[in-house]
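Residues in the sequence shown are numbered from 2 upward in steps of one, following our numbering.
Where a beta carbon is used, it is the ideal one built from N, C-alpha and C, also for glycine.
Computed from a predicted model, the values in this text were never measured in an experiment.
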Amino acid sequence: MRDISGASWVASPELIRFCDSVEKNGSLFEREMRKLSIPVIDLFLEEGRIVPASFEFSGENLDAAEDVSRILKAFPNLYSATGCRVLKASGRDRPVVTGRRVAVIFSGGPAAGGHNVLVGLKMVLGVDNTLLGVRNGPKGLLAGELFEIRESDLAQIINTGGFAFMGTDRTKIKTKDQFEQVEAVCRDQRIDCLVIVGGDDSNTNAAVLAEHLFQNVHSDGRGVQVLGVPKTIDGDLQVGDLLPISFGFDTATKTYSEMVGNILQDTLSSRKYWHFVKLMGRSATHVGLEVALQTRPTVAFISEEIAEKRLSLSQIVDTICRAVARRAARDMNYGVVLIPEGLIEFIPEMKTLISELNEVIASSSELLLDLDTIAEKKEFILGRISEDSAKLMASLPDEFEDMLLLDRDSHGNLKVSQIPTEKLLIEMVSARLREMEANPDLFIGEGDDRINLTPEEVKRFVESKFATNSHFFGYEGRCGAPTRFDAAYTFNLGLLVGSLALAGKTGYIAAINALDRGGQALAIPLVGLIHMEHRQGKDEFVIEKTMVKMDSPAFKFFIENRERWATEDCSASPGPRQLWGPVSSQLPMLIAFNQGYNSLEFDLGEERKIISD
Ligand code: FBP
């Protein structure tokens with residue numbers, strides 16, 4: 002038979018050579034990304050060279066939250082060493098230090114920009130000090146898996162996404178044995194300073210380690226400094242205007258916004274589906290709010306509002322049903338519903354159920370291990386929670402019930418990314434819509450919970466079809482190439498934390514604010530962020546997660562507009578993250594709103610080529 006395409010079926014040797022070279026050196030995109038210049042905060046430059054900053058009191062004190070006396074007792078060294086004072090970086094009396102050995106570790110979920118922290122850190126330490134990387138997160142630290150990061154590595158990792166260069170994990174260092182293991186590794190490897198790149202839980206760990214390693218680690222009585230860098234796509238590690246956001250949030254939300262924007266475009270084009278999109282971000286809804294601001298979806302839930310208004314699962318379902326009915330009445334049988342990953346933990350009755358389950362799972366972990374099947378575990382647990390919670394549990398679909406019984410992570414958190422809330426809502430909304438269609442009189446008419454539809458509109462709704470799709474956008478957003486903001490922010494955070502290491506500081510987290518006017522480099526005392534929280538059945542010291550605040554400008558803007566977004570088609574498609582071009586230097590909208598900036602443009606100093614071609 003003749004091949005009608007006329008193709009020769011022999012791959013061109015040129016093309017094979019090109020593909021081989023991509024395999025060795027990364028894609029064309031990655032190659033160009035590595036060459037991108039990065040803005041540098043003025044303070045870290047002197048005569049065109051990267052230099053470390055020194056530190057002075059910023060004038061601001063952080064008083065520890067409630068329970069000061071308990072915190073003082075648990076962190077006496079950090080309390081007296083930092084005095085809970087916020088420091089600001091300065092260009093006076095820059096530290097001149099040689100021979101220091103700094104180890105850096107990624108902890109928790111990946112976030113875009115981590116590699117640039119390493120690049121900044123290595124560059125500010127310079128050739129007279131050593132930077133060691135810890136492989137595989139805290140687990141690797143305990144096992145002493147360290148290697149030297151060399152200058153030649155920087156050209157490979159700069160501006161690349163993910164944490165692959167070192168790896169990460171979620172081991173929580175909490176037992177006496179583990180502390181001693183870390184101490185022994187620091188002694189063996191002659192480490193002077195440990196930099197932990199992590200979220201709220203990892204930075205809590207950093208504070209505990211800083212206290213533990215404060216002195217007497219090395220034979221001459223010296224301790225090991227411990228410093229934190231704020232990382233997490235969840236955006237819940239914020240400290241008012243001192244630390245506007247953690248790194249990774251911008252890349253994740255711009256990635257999700259592109260995808261949600263595309264789906265919104267599809268709904269406008271095919272006009273036949275409702276898409277239920279769960280967005281990663283753990284408990285807080287910063288991610289969901291940012292994506293909503295960028296894309297203007299039909300419905301978006303903010304977990305913190307649900308908790309504040311004490312809305313039940315059934316009221317949430319009704320909210321969606323009303324939007325579906327109103328739109329169906331106008332032949333708009335499509336829409337996008339954004340669901341925050343942690344939603345279920347904020348619905349009061351679910352919150353009670355989850356906290357009762359957490360307590361039973363934490364207090365009976367040994368006994369549960371002896372039970373083989375999920376049915377046996379379920380029976381055991383259900384017998385130990387309140388009647389109301391057991392009833393609620395029984396009303397949930399089986400798949401969902403099983404998910405609530407999953408093991409907690411090492412910090413005691415329910416693994417919300419594994420709970421298919423988007424599917425649960427589709428099931429419940431479909432059932433409720435069937436009830437509404439069968440009895441339209443029940444919901445049409447006057448009153449808050451009713452929908453004013455004409456008989457003609459009711460007919461349209463009853464005859465309409467509710468076709469759905471579910472999505473979970475999560476892991477897609479954590480490791481993409483960093484946005485211009487995340488690339489710049491992390492490089493400068495690396496310079497800052499390296500400067501703190503050289504200045505001999507311990508127990509601080511690096512922070513940069515004034516992101517719209519050159520950037521101000523700060524050091525926040527970790528002990529000032531710690532408070533007591535009830536977790537896994539006991540009180541624990543933790544850094545409090547920052548939640549979406551009901552009086553924040555970003556949230557207010559959202560609520561002022563959402564009704565219109567639900568009834569009209571107002572969606573915006575922000576398109577792909579831009580690394581070059583008109584909107585490449587945009588901040589998350591949430592930061593610009595909440596920090597009172599005049600525009601979305603960030604300014605972190607003058608652009609500089611970091612790695613020469
Ligand atoms: P961190 O807080 O460690 O940065 O992790 C963020 C996150 O991406 C959450 O949004 C999500 O719930 C969780 O990690 C998923 O964790 P895992 O990687 O263990 O599935």
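Determine whether the beta carbon atoms of residue i and residue j lie at a separation below 7 Å.
i, j, result
"G162", "A439", "no"
"T1", "I303", "Residue coverage of the chain in this structure runs from 2 to 614, which leaves residue 1 outside it and unanswerable."
"T618", "R609", "This structure gives no information on residue 618, because the portion of the chain shown stretches from 2 to 614."
"I622", "I174", "A query on residue 622 cannot be resolved here, the shown segment of the chain reaching from 2 to 614 and no further."
"L417", "E342", "In the sequence as presented, Leu is not what sits at residue 417; that position holds Val. Contact: yes."
"V430", "V318", "yes"
"K89", "S55", "no"
"V338", "I264", "no"
"T205", "I340", "no"
"L133", "L126", "no"
"P53", "S574", "no"
"A363", "L454", "no"
"L46", "G92", "no"
"L393", "L354", "yes"
"Y257", "F474", "yes"
"L496", "A511", "no"
"A1", "C194", "Since the displayed the chain opens at 2 and closes at 614, residue 1 lies outside it and no answer follows."
"R297", "S572", "yes"
"F603", "L516", "yes"
"D403", "I375", "yes"
"F594", "A555", "yes"
"F486", "D251", "yes"
How long is the line joining the alpha carbons of residue i and residue j, rounded to whole angstroms?
i, j, result
"E149", "Y598", "41 Å"
"D562", "T83", "Sequence inspection shows Asn at residue 562; the Asp mentioned does not correspond to that position. So the alpha carbons of these two residues sit roughly 44 Å apart."
"D189", "V209", "21 Å"
"A211", "R518", "32 Å"
"F164", "I192", "22 Å"
"L269", "R171", "41 Å"
"I234", "T547", "13 Å"
"E388", "E360", "15 Å"
"E24", "L406", "43 Å"
"I619", "A391", "Residue 619 lies beyond the stretch modelled for the chain, which goes from 2 to 614, so this question has no answer here."
"L1", "S313", "Past the boundaries of the shown model lies residue 1; the chain is included only from 2 to 614, so the question cannot be answered."
"V300", "N334", "14 Å"
"M2", "L37", "With a pLDDT of 49 at M2, under the threshold of 50, the modelled position of this residue cannot be trusted, and the question is left open."
"D442", "K466", "19 Å"
"R283", "I592", "19 Å"
"P349", "V103", "45 Å"
"G224", "N117", "27 Å"
"I611", "D129", "19 Å"
"A489", "R32", "17 Å"
"L580", "V41", "17 Å"
"L523", "V87", "7 Å"
Round the Cβ separation of residue i and residue j to the nearest angstrom and send it over; I've been treating them as touching at under 8 Å.
i, j, result
"G229", "A207", "4 Å"
"E291", "G576", "Actually they do not touch by this definition, with Cβ atoms about 16 Å apart."
"I246", "P589", "7 Å"
"V528", "C20", "So it is not a contact: roughly 53 Å between Cβ atoms."
"V135", "M167", "6 Å"
Which residues mark the beginning and the end of the alpha helix (DSSP H) in which residue i is found?
i, result
"Q179", "177 to 189"
"D540", "Where D540 is concerned, there is no enclosing alpha helix (DSSP H), although the beta strand (DSSP E) it sits in stretches over 539 to 544."
"V40", "According to the sequence displayed, residue 40 carries Pro and not Val. It is not in any alpha helix (DSSP H) - P40 instead sits in the beta strand (DSSP E) that spans 39 to 41."
"Q615", "With the chain covering 2 to 614 only, the question about residue 615 has no answer from this structure."
In terms of residue numbering, what span does the beta strand (DSSP E) encompassing residue i cover?
i, result
"T469", "469 to 474"
"E608", "607 to 609"
"Y509", "509 to 514"
"P341", "336 to 341"
"S91", "86 to 91"
"I531", "531 to 536"
Between the segment 538 to 548 and the segment 100 to 114, can you find at least three pairs of beta-carbon atoms closer than 8 Å?
no
For the structure I just gave you, are there three or more beta carbon pairs, one from the segment 466 to 481 and one from the segment 239 to 247, closer than 8 Å?
no
Are the segment 296 to 311 and the segment 547 to 554 touching by the rule of at least three beta carbon pairs closer than 8 Å?
yes
Does the segment 204 to 220 come into contact with the segment 491 to 509, if we say contact requires no fewer than three beta-carbon pairs (one atom in each stretch) closer than 8 Å?
yes
Pairs of beta-carbons, one from the segment 315 to 330 and one from the segment 425 to 436, closer than 8 Å: are there three or more?
yes
Indicate whether the contact test is met: 3 or more Cβ pairs, each with one atom in the segment 555 to 569 and one in the segment 116 to 129, closer than 8 Å.
no
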